[in-house]
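Have a look at the structure below, then the notes.
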Amino acid sequence: MRRGSIVRMLAIGIASAIVVALVAVLIPWLPDSASEEMDRITFTYWFATVICIGIFAVVAAVIVYSVRTFRVQPDDDSDGPPIHGHTGIEILWTVIPFVLVTAIAIVSAVVLAENGDAGSNPLRVNVFAQQFAWRFEYPQQNGLRSGELVLQLDRSTKLELQAADVIHSFWIPQMGQKQDAVPGITTELVITPTRTGTFTVICTELCGLGHATMRARARVVTKGEFQRWVRQQQRPAGGGGGGGEGAQLFASAGCGGCHALQKAGTDAQVGPSLDDIGSKGADFVRESIVDPNADVTQGYQPGVMPTTFGESLSNQEIDALVQYLTQGG
Ligand code: CUA
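According to our numbering, the sequence shown is numbered sequentially starting from 849.
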């Protein structure tokens, strides 16, 4: 091959590599990492992307060069020269892809294994998913329950996920990993936060009418703040007005995922607004919680609200919720 051809092909290859590298770097394809797991996923992503940019440049160089150089001339009806392959090149284009694909497989397998390892003493959180809310329970903190996921900076957390009704999927974009919550089995996910801040837990599996509203707040705090939060949550509810336990249950059971209630600061539209429900009486409110299909508000479909609250909440908790919802203002 003439020297000029090689230089031209090289120039095309480098130009293609620069163009795709700019597309890869200038567009923020991934959210800013907030966990060790996401750091590893980001590394894997760039490892594969750099290899792909190299392959793209080689292929683009050969194609563009060939199309320009070997194009048929006008009125040239002759056959091309008979070519019977080239053993050297064939070995090369078999061995190089084999090595690259194997390297990507090894890196991915190592990252997958490390991202599933929570170490010997993780913070444990039980995650309950149901249409259309997330609830979190901390077994190491006396079974503390929360409607908000609070995580500790630099501490591995092992989430154990369960679903009450249909398949949901847990995802905090900045933390990288996703995990399905499947009825009947317990699945796991590890998060090791690397920066503090407020994030959003998103349900990423279509699970019904309220799927798009199935979100929860996640907060990463320092160790001291975490301990303060735990103490605050464990203080006996009640007092302070505003319905104490009932207000807390309204948040932790996820009612606000579907219902608007002014005093709770929610404005979801999946189910009817609860602002005036007190006027229908305590019996109606109780029935609507434990047997929501018995008397469905006009304009709404039966079968949307979960029928599991009669089991997942204790009698005492239901009393507190009914009281909270029937209290004025
Ligand atoms: Cu739960 Cu989508």
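Think of the CB as a built atom: it goes at the ideal place given N, C-alpha and C, for glycine as much as any other residue.
Note that the coordinates shown come from a computational prediction; the quantities given were computed from them, not determined experimentally.
Can you give the Cα-Cα distance for Q979 and A896, rounded to whole angstroms? Position 131 of the sequence shown, counted from the first residue, corresponds to residue 979. Position 48 of the sequence shown, counted from the first residue, corresponds to residue 896. Pairing Q979 with A896, the inter-Cα distance amounts to about 37 Å.
Among C1103, L948, V949, whose alpha-carbon lies nearest the alpha-carbon of A1064? Indexing the sequence shown from 1 puts residue 1064 at position 216. Checking every option, the nearest Cα to that of A1064 belongs to C1103.
Alpha carbon to alpha carbon, how far is F1098 from G1088? Give it in angstroms, no decimals. Walking along the sequence shown from the start, residue 1088 turns up at place 240. Walking along the sequence shown from the start, residue 1098 turns up at place 250. Because G1088 sits at a pLDDT of 43, beneath the cut-off of 50, its placement in the model cannot be relied upon, and the point is left open.
I1039 (DSSP reduced to helix, strand or coil): Translated into positions along the sequence shown, residue 1039 becomes position 191. DSSP places I1039 in strand when its eight states are reduced to three.
Below 7 Å CB to CB, which residues in the same chain sit around M1179 once its five sequence neighbours on both sides are set aside? Lying outside 849 to 1177, the shown extent of the chain, residue 1179 is not represented and no answer is given.
Sort E1036, C1051, G1058 by Cα distance to L1007 and report the nearest one. Here residue 1007 corresponds to residue number 159 of the sequence shown, with the count starting at 1. Considering only alpha carbons, the answer is E1036.
Could you give the DSSP three-state label for P945: helix, strand or coil? Looking up residue 945 in the sequence shown gives position 97. P945 sits in a helix when the DSSP states are folded into three classes.
Residue from A977, R1076, L1001, D1002 with nearest C-alpha to G995: Walking along the sequence shown from the start, residue 995 turns up at place 147. Relative to the Cα of G995, the nearest Cα in the group A977, R1076, L1001, D1002 belongs to A977.
Distance check for T1145 and T1061, CA to CA, integer angstroms please. By one-based count along the sequence shown, residue 1061 stands at place 213. By one-based count along the sequence shown, residue 1145 stands at place 297. Approximately 20 Å between the Cα atoms of the pair.
What does a CB cutoff of less than 8 Å around G1086 pick up in its chain, not counting 5 residues either side in sequence? Within the sequence shown, residue 1086 is the residue found at index 238, counting from 1. The pLDDT assigned to G1086 is 47, lower than 50, so where the model puts this residue is not dependable, and the model offers no usable value.
Those residues which DSSP pairs with C1106 across a bridge: As a first step, residue 1106 must be located in the sequence shown, where it is residue number 258. As far as DSSP is concerned, C1106 takes part in no beta bridge.
So, at 8 Å on beta carbons, what are the nonlocal neighbours of V910 in its own chain, with the 5 sequence-adjacent residues on each side left out? What you label residue 910 is simply residue 62 of the sequence shown in a count that begins at 1. Correct list, in chain order: M857.
So N974 is in the beta strand (DSSP E); what residue range does that whole segment cover? Along the sequence shown, read from residue 1 onward, the residue named residue 974 stands at position 126. Residues 971-978.
Reference F1157; option with closest CA among N1141, Q1149, G1147: Indexing the sequence shown from 1 puts residue 1157 at position 309. Nearest C-alpha to F1157 among N1141, Q1149, G1147: N1141.
The segment 1027-1035 / the segment 950-965 touching (three or more Cβ pairs under 8 Å): Contact fails: fewer than three Cβ-Cβ distances are below 8 Å.
Could you tell me the distance, in whole angstroms, from the CA atom of W941 to the CA atom of I903? As a first step, residue 941 is located in the sequence shown; it is residue number 93 there, counting from the start. As a first step, residue 903 is located in the sequence shown; it is residue number 55 there, counting from the start. Distance between W941 and I903, taken at the CA atoms: about 11 Å.
If we ignore side chains and look at the alpha-carbon of each, how far apart do Q1000 and G1045 end up? Locating residue 1000 in the sequence shown gives position 152, counting from the first residue. Locating residue 1045 in the sequence shown gives position 197, counting from the first residue. Between Q1000 and G1045, the C-alpha separation is close to 11 Å.
Whole angstroms are fine: how far does the CA of S1100 sit from the CA of V873? In the sequence shown, the residue the question calls residue 873 occupies position 25. In the sequence shown, the residue the question calls residue 1100 occupies position 252. About 41 Å.
Alpha carbon to alpha carbon, how far is G1090 from D1123? The residue labelled residue 1090 in the question sits at position 242 within the sequence shown. The residue labelled residue 1123 in the question sits at position 275 within the sequence shown. Because the pLDDT of G1090 is 46, which lies under 50, any placement of that residue in the model is unreliable, and the question is left without a value.
Please list the terminal residues of the continuous beta strand (DSSP E) segment that includes F1018. As a first step, residue 1018 is located in the sequence shown; it is residue number 170 there, counting from the start. Segment 1016-1019, the beta strand (DSSP E) holding F1018.
Would DSSP call V920 helix, strand or coil? Locating residue 920 in the sequence shown gives position 72, counting from the first residue. V920 falls in the coil class under three-state DSSP.
Excluding the 5 residues flanking V868 on each side, which residues of the same chain have their C-beta closer than 6 Å to its C-beta? Translated into positions along the sequence shown, residue 868 becomes position 20. Leaving aside the five residues that flank V868 on each side, the residues in its chain whose CB is nearer than 6 Å to its CB run, in chain order, I901, F904.
Roughly how many angstroms lie between the CA atoms of L1161 and G1056, to the nearest whole one? Stepping through the sequence shown from its first residue, residue 1161 is reached at position 313. Stepping through the sequence shown from its first residue, residue 1056 is reached at position 208. Rounded to the nearest angstrom, the two C-alpha atoms are 22 Å apart.
For Q1081, collect the residues of the same chain with a Cβ closer than 7 Å to its Cβ; drop the 5 residues on either side in sequence, then sort them by chain order. As a working note, residue 1081 is residue 233 in the sequence shown. L992, S994, listed in sequence order.
Measuring CB atoms only, is the segment 1047-1055 touching the segment 963-971, in the sense that at least three cross pairs come out at less than 8 Å? At 8 Å Cβ cutoff, the stretches do not touch.
Applying the criterion that 16 or more other CB atoms from any shown protein chain within 10 Å of the CB defines a buried residue, is Q1096 buried or exposed? For the purposes of this step, residue 1096 is taken as the residue at position 248 of the sequence shown. By the 16-neighbour rule on beta-carbons within 10 angstroms, Q1096 is buried.
Got a sec, what are the start and stop residues for the alpha helix (DSSP H) A832 sits in? Because the chain here runs from 849 to 1177, residue 832 falls outside it and cannot be looked at.
Do you know how far the Cα of S1127 is from the Cα of A1108? Numbered from its first residue, the sequence shown carries residue 1108 at position 260. Numbered from its first residue, the sequence shown carries residue 1127 at position 279. Approximately 16 Å, taken between the alpha carbons.
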